[in-house]
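Chains as they are written, first to last, in the working numbering: chain G, 1 to 261; chain C, 262 to 909.
Heads up: the structure comes next, in structure tokens.
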């Protein structure tokens, strides 16, 4: 593969600590994400990976530390604000409207970009209709991109899990995000589905230049598709670097394989 | 009418410039390409290809699904007097090497990244392959292989060339003659290398037009093109007849959306191998079983009427008033909506070919008012040899010889055909050509069969496969493996069958279950299973298959010729037979000899009377990796019946 152009730091996480009562979920975590890169966060169960994503997109408020996005520094991120700034995410346990069709689910991803008001939309009057057509067209490109044409009108709840994951990704993509946070996009998938999903992640990164931050358990996948990897263990950062560096990091090896203490 | 494909294109573009030639569903909307736009595209592509060096009589490979630009590329190559070779888009890379080298191909059109990867993979072995043009650029941005370019670049180059050389493409098209080679199709071939079947413009168009006249096709037909363009059946229906008649070819959005697209388009002329009709019916039946009791009752009551009245009605036979009214009612509440659901509301003529079709399946479609018919033909005959007239469709014959065709049966039972649609030759293989094509123009089909009293052709099996039972109770009896296999395959639970018996003392079969139908059956019975292999080996499934085998035996026992072909032992295979593993041809026909070698321990165990056998098999996955599956397979006996003499 030819080298893609990785830009400056777009997302900078500084000294984040998060605790729930007496449980210290994250301790003094710092790392950065550069524009156009695929950045992975890995670690054993309970290492604090999802908590880290939740801090970035404002679900949790860390007690200490700051997060900078495109030069603006925040001590706490507001979910709505995060979304409008161009950060989208998918969820480990899927967050879709199961009774709605694939198209409708993807259209919800366009919500922030719809300008016409509720009344105009309800009546489908002139500008509202034109706007909807425009958004619908964008959604169609996502459907084409994710190869889910056969399921346009299927209720999401009826789709197999692997496809639901794809729709979840599509909903995030519909926001045209600059940074995409993926929480275990390949969890519970078989080998073929994992390959498909890896290809989509790489294509998103490549074709749209979207910066991807992903949490993943499957080390093979992480090592194959990431540019840089952060390793967490018990809420602490124990490694950071290219897949090669991380693979040879003794602390990482001991966290994953265990050593005699 | 003697002409060529590109000349027909120009004719349509001149006569009906704004009429739709093709439609393709993109971004959820059907996009129309008019005849004039298509002609302009073809002219530009022809200029581009000429500039890149494609010359008269040279071959060009096209590989991909049915797409407007793939068709345009074939037309562009033909405009220059070059010969397009469509290859199967699901063929493994290694399978493309022989055709490309055999025809010294320098130019290729590839639909997308998957096809480009394949061609690049074999490039070392095909050094002459200079130019690869791709249609869909997705994922190809970073490719920098020499000679790889998008079809858009080719179009742009062609337009620039055309601006300097006015009328170049039209002059090239004018030079084309009906007797020129128009296309080459590689036959899947059950043994050895594939053979390139060379057809001229005239042979393809003559048959296309004869078929169109037989069914009164016009430019108003709508066709959905979803089978591989490398299959001559698809090529005739959506390319040769498309240009001969000037109707509209619709390209589905993707392989997965075919059923949805079918409903949206509502084709009037439809062509599919039996397995597609079977798949459609199975999906309907499975959904019907899930419907409420009242709906099921109504459905079955109406279907009973349809089965009794429908076929006679379709065949134009008189039907009593009560039956007519009952059928009308059934049509209103069941058959009409069902046809609509299948996407067949507007079908005027539907054909099935390539394999024998089960009588139940065949009758089902005719009884709900779909004019399903059979035809007989092959790559070498440009498809149309025998067709069934609208009112004489039957499940067990393949129709009457149509205009231009002569048929006779050789002493060994082989069917010989003489027709203007016969192949010109096998490419670079005069020996093979001489073997099938006699000096006085008769083509040996290698099918055994006969013309019945009504002049309909009936096919029994391949000539070389028809064998004899040796030893045992049925010593010397005729054994037609395909005939037996087909009878079994007509059961929805059975997907593939391989029958052995030639030179043996009895007939034994290996069965592939249809995982969808059997899986559904198992779910209904609360029968848990872990996967294909596990399901296949369930004792309940064995019993199910045994019932099927015994029904076939009972049926065969009434057949005077083939009573000795009854199946005495069977086993259910642990993996699906697959073309990627070489077990099926690309057109999904079983390769009996290859399978016998590969599964030799199983065949031996069948005949040795064992009740179980351990087997290890290598499998190839779609991405080219390979693995192993192993299992211990049970072997069961089936009841055979004493032959009954048919009542005189």
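Note that beta-carbon positions come from the ideal geometry of N, C-alpha and C, so glycine has one too.
Residues near residue i by beta carbon distance below 7 angstroms, same chain, minus five either side
{"i": "residue 374(C)", "result": "399, 400, 401"}
{"i": "residue 193(G)", "result": "162"}
{"i": "residue 420(C)", "result": "305"}
{"i": "residue 693(C)", "result": "456, 687"}
{"i": "residue 25(G)", "result": "18, 19, 48, 51, 235"}
Contacts around residue i, its chain only, beta-carbon distance under 8 angstroms, and the 5 residues preceding and following it disregarded
{"i": "residue 437(C)", "result": "265, 267, 268, 339, 340, 342, 462"}
{"i": "residue 264(G)", "result": "With chain G represented from 1 up to 261, any question about residue 264(G) goes unanswered, as that position is not in the structure."}
Proximal residues to residue i (C-beta, below 6 angstroms), its chain only, five neighbours per side dropped
{"i": "residue 311(C)", "result": "341"}
{"i": "residue 531(C)", "result": "608, 611"}
{"i": "residue 94(G)", "result": "164, 168"}
{"i": "residue 170(G)", "result": "106, 142, 146"}
{"i": "residue 337(C)", "result": "303, 306, 307, 310"}
{"i": "residue 503(C)", "result": "510"}
{"i": "residue 2(G)", "result": "Caution is warranted here: a pLDDT of 40 is assigned to residue 2(G), below 50, making its placement in the model unreliable, and no coordinate value can be reported."}
{"i": "residue 674(C)", "result": "709"}
Under the three-state DSSP convention, the category residue i falls into
{"i": "residue 12(G)", "result": "strand"}
{"i": "residue 729(C)", "result": "strand"}
{"i": "residue 577(C)", "result": "coil"}
{"i": "residue 284(C)", "result": "strand"}
{"i": "residue 429(C)", "result": "helix"}
{"i": "residue 754(C)", "result": "coil"}
{"i": "residue 413(C)", "result": "helix"}
{"i": "residue 291(C)", "result": "strand"}
{"i": "residue 772(C)", "result": "strand"}
{"i": "residue 171(G)", "result": "helix"}
{"i": "residue 1(G)", "result": "Because residue 1(G) carries a pLDDT of 40, less than 50, the predicted location of this residue cannot be relied on, and no value is offered for it."}
Neighbour flag for residue i against chain C, beta carbons, 7 angstroms
{"i": "residue 164(G)", "result": "no"}
{"i": "residue 81(G)", "result": "no"}
{"i": "residue 155(G)", "result": "no"}
{"i": "residue 150(G)", "result": "yes"}
{"i": "residue 140(G)", "result": "yes"}
Inter-residue Cα distance where the pair is residue i and residue j
{"i": "residue 244(C)", "j": "residue 297(C)", "result": "The structure shown does not extend to residue 244(C), since chain C is modelled only from 262 through 909, so no value can be given for it."}
{"i": "residue 113(G)", "j": "residue 175(G)", "result": "8 angstroms"}
{"i": "residue 294(C)", "j": "residue 488(C)", "result": "20 angstroms"}
{"i": "residue 62(G)", "j": "residue 198(G)", "result": "31 angstroms"}
{"i": "residue 286(C)", "j": "residue 104(G)", "result": "20 angstroms"}
{"i": "residue 228(G)", "j": "residue 42(G)", "result": "11 angstroms"}
{"i": "residue 440(C)", "j": "residue 317(C)", "result": "14 angstroms"}
{"i": "residue 790(C)", "j": "residue 766(C)", "result": "36 angstroms"}
{"i": "residue 376(C)", "j": "residue 726(C)", "result": "35 angstroms"}
{"i": "residue 496(C)", "j": "residue 302(C)", "result": "20 angstroms"}
{"i": "residue 201(G)", "j": "residue 208(G)", "result": "11 angstroms"}
{"i": "residue 447(C)", "j": "residue 721(C)", "result": "25 angstroms"}
{"i": "residue 860(C)", "j": "residue 874(C)", "result": "11 angstroms"}
{"i": "residue 558(C)", "j": "residue 775(C)", "result": "26 angstroms"}
{"i": "residue 811(C)", "j": "residue 901(C)", "result": "7 angstroms"}
{"i": "residue 897(C)", "j": "residue 794(C)", "result": "17 angstroms"}
{"i": "residue 407(C)", "j": "residue 345(C)", "result": "22 angstroms"}
{"i": "residue 87(G)", "j": "residue 102(G)", "result": "21 angstroms"}
Beta-bridge pairing of residue i - partner residues as DSSP gives them
{"i": "residue 610(C)", "result": "530(C)"}
{"i": "residue 392(C)", "result": "368(C)"}
{"i": "residue 636(C)", "result": "648(C)"}
{"i": "residue 687(C)", "result": "458(C)"}
{"i": "residue 511(C)", "result": "284(C), 485(C)"}
{"i": "residue 667(C)", "result": "679(C)"}
{"i": "residue 662(C)", "result": "647(C)"}
{"i": "residue 723(C)", "result": "708(C)"}
{"i": "residue 830(C)", "result": "769(C), 898(C)"}
7 angstroms Cβ cutoff, residue i in contact with chain G
{"i": "residue 514(C)", "result": "yes"}
{"i": "residue 518(C)", "result": "yes"}
{"i": "residue 288(C)", "result": "yes"}
Residue i beta carbon near the ligand NAP (any heavy atom closer than 6 angstroms)
{"i": "residue 759(C)", "result": "As far as ligands go, the structure on display features none, and thus does not contain the ligand NAP."}
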